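Chemist: Numbering (the UniProt record's numbering), first residue to last: 1 to 314. The beta carbon of each residue, even a glycine, is placed where N, CA and C say it ideally should be. Here the structure is a predicted model, which is why all the values come from computation and not from measurement. Okay, here's the structure, questions in a sec.
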Amino acid sequence: MQNKARLELADYEAENLARLQRAFARKWEFIFMQAEAQWDCQSEVSDWRCVNTTEMDIRKCRRLKNPQKVKKSVYGVTEESQSQSPVHVLSQPIRKTTKEDIRKQVNGLIAYTEQYVEYDPLITPAEPSNPWISDDVTLWDIEMSKEPSQQRVKRWGFSFDEILKDQVGRDQFLRFLESEFSSENLRFWLAVQDLKKQPLQDVAKRVEEIWQEFLAPGAPSAINLDSHSYEITSQNVKDGGRYTFEDAQEHIYKLMKSDSYARFLRSNAYQDLLLAKKKPESEQGRRTSLEKFTRSVVNAPLAKGNTGWISAPA
1 MQNKARLELA DYEAENLARL QRAFARKWEF IFMQAEAQWD CQSEVSDWRC
51 VNTTEMDIRK CRRLKNPQKV KKSVYGVTEE SQSQSPVHVL SQPIRKTTKE
101 DIRKQVNGLI AYTEQYVEYD PLITPAEPSN PWISDDVTLW DIEMSKEPSQ
151 QRVKRWGFSF DEILKDQVGR DQFLRFLESE FSSENLRFWL AVQDLKKQPL
201 QDVAKRVEEI WQEFLAPGAP SAINLDSHSY EITSQNVKDG GRYTFEDAQE
251 HIYKLMKSDS YARFLRSNAY QDLLLAKKKP ESEQGRRTSL EKFTRSVVNA
301 PLAKGNTGWI SAPA
């Protein structure tokens, strides 16, 4: 409308245009820009009723015909709106997943569930039963005796993490390593785990103690580290922190998992614990907590005086 050479208006159209420009003088520029934007966004090439041969319209037609063509920038960087988004890039490897991969994942989940099903109290009743439900204190007696049950020992063979999570399992594993004169690896790993729980004021002192005991030249309990891990650890000791020995701990963990743990599972000490049968318990020695409470009340000495208690007949 601003270029008369391109578009000629009739007299009544020119008058109406001038009247609208006077009425919306302050907002005319905004109205003009909004109209152009709506025309560019909503109108399709097939809906155009007029033929316009300007350079802008020709470029717009080319963009609509070739939407996949990436426009080159002056600086050699592709436009962000026309480049592939991260969603499209990440979805391509996902589409390559085959049914065989899904079958392997499902089989792995099934095997894990079948392995731990007897340790799930919601599916398998606990043996011995829960004292808070059945009024049987056998479970508490076993925990106090510190003798691992056969089910507990069996779980140590599932993975190396299972034996490290169990206090009794760590003690048995440490006893086995001491018999082979190679307990320094486990003691170092436990010391680093304890370091991560120390107060901040004690961290620097504890780091120096661990270094002098396991890693310093001439250490009494020297551990075997590769040169790369030792170099990183020696640099971290200068600024001691809770995670100073992270690389060394990971190296020792892999070493114990591949060597010491496998030998422990094949040892006679573990096999004896695994095949040990539960000791028979006489019925006379087994008491429920209710029986213990009743007998303690009956046999309790009564205080003299106005206590309000009446002694039970003998």
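1. Classify Asp120 as helix, strand or coil using the three-state DSSP reduction.
2. Considering just the uninterrupted stretch of the alpha helix (DSSP H) at Gly169, what are its terminal residues?
3. Could you please give the first and the last residue of the uninterrupted alpha helix (DSSP H) stretch that includes Arg263?
4. Alpha carbons only, please: which of Trp211, Ser182, Gly169, Gln21 is nearest the one belonging to Tyr270?
5. Please state if the CB of Ala191 and the CB of Glu213 are separated by a distance shorter than 9 angstroms.
6. If the criterion is Cβ atoms closer than 9 angstroms, does the pair Ser227 and Leu215 meet it?
7. Using a 10 Å radius around the Cβ and a threshold of 16 neighbouring Cβ atoms, would you call Asn130 buried or exposed?
8. Please state whether DSSP places Asp136 in a helix, a strand or coil.
9. Reducing DSSP to helix, strand and coil, say where Glu8 ends up.
10. What first and last residue would you give for the alpha helix (DSSP H) that runs through Asn185?
11. Count the other CB atoms, across all protein chains shown, that sit within 10 Å of the CB of residue 327; report buried if there are 16 or more and exposed otherwise.
12. Spatial neighbours of Gly108 within its chain, please: CB distance less than 7 angstroms, with the 5 preceding and 5 following residues excluded, ordered by chain position.
13. To the nearest angstrom, how far is it from the Cα of Trp28 to the Cα of Gln21?
14. Taking C-alpha atoms, which residue in Arg152, Leu139, Lys99 lies nearest to Ala276?
15. Does Ser81 pass the burial test, meaning 16 or more other C-beta atoms within 10 Å, or should it be called exposed?
16. Residues in the same chain with beta-carbon distance under 6 angstroms from Ile210, minus the five sequence neighbours each way, listed in chain order, please.
17. Taking the alpha helix (DSSP H) that Thr233 falls in, what are its first and last residues?
18. In three-state terms, what does DSSP make of Ile223?
19. I believe Phe176 touches Ser267 by the beta-carbon criterion, under 8 angstroms. Please report the beta-carbon distance rounded to the nearest angstrom.
20. To which residues of the same chain is Leu186 closer than 7 angstroms at the C-beta, ignoring the five residues directly before and after it?
21. Below 6 angstroms CB to CB, which residues in the same chain sit around Trp156 once its five sequence neighbours on both sides are set aside?
22. Excluding five sequence neighbours on each side, which residues of the same chain lie with their C-beta closer than 8 angstroms to the C-beta of Leu274?
23. Specify the secondary structure class of Arg26 as computed by DSSP and reduced to three states.
24. Leaving aside the five residues before and after Trp140 along the sequence, list all residues of the same chain whose C-beta is less than 7 angstroms from its C-beta, in chain order.
Modeler: To lay it out plainly:
1. When secondary structure is reduced to three states using DSSP, Asp120 falls in the coil class, being assigned neither helix nor strand.
2. Where Gly169 is concerned, the enclosing alpha helix (DSSP H) starts and stops at 167–179.
3. Per DSSP, Arg263 is one residue of the alpha helix (DSSP H) stretching across 261–266.
4. The candidate whose alpha carbon is nearest that of Tyr270 is Gly169.
5. With contacts defined as CB atoms closer than 9 angstroms, Glu213 and Ala191 qualify as a contacting pair.
6. Going by C-beta atoms, Ser227 is not nearer than 9 angstroms to Leu215.
7. By the neighbour-count rule (16 or more Cβ atoms within 10 Å), Asn130 is not buried but exposed.
8. Here DSSP, grouped into helix, strand and coil, assigns Asp136 to strand.
9. In the structure shown, Glu8 falls within a coil segment according to DSSP collapsed to helix, strand and coil.
10. Here the alpha helix (DSSP H) through Asn185 covers 184–195.
11. Shown here, the chain extends from 1 to 314; a query on residue 327 therefore has no answer.
12. Answer for Gly108: no residue qualifies.
13. Cα to Cα, the separation comes out at about 6 angstroms.
14. Taking Ala276 as reference, the option from Arg152, Leu139, Lys99 with the minimal CA-CA separation is Arg152.
15. Residue placement at Ser81 is poorly supported in this model, since its pLDDT is 48, which falls under 50; the coordinates still yield a value, given next. Exposed: under 16 other Cβ atoms inside 10 Å.
16. Take Ile210, set aside five residues on each side of it, and the residues of its chain with a beta-carbon closer than 6 angstroms to its own are Ala191, in chain order.
17. For Thr233, the enclosing alpha helix (DSSP H) has its first and last residue at 227–237.
18. DSSP places Ile223 in coil when its eight states are reduced to three.
19. That belief holds up - the Cβ atoms of Phe176 and Ser267 are roughly 6 angstroms apart, short of 8 angstroms.
20. Phe173, Leu174, Leu177, Met256.
21. Excluding residues within five positions, the ones whose Cβ falls inside 6 angstroms are Glu162, Ile163, Gly169.
22. Cβ neighbours of Leu274 within its own chain (closer than 8 angstroms, five residues either side excluded): Gln150, Val153, Lys154, Gly157.
23. It is coil, neither helix nor strand.
24. For Trp140, where only same-chain residues beyond five positions count, the Cβ hits under 7 angstroms are Pro131.
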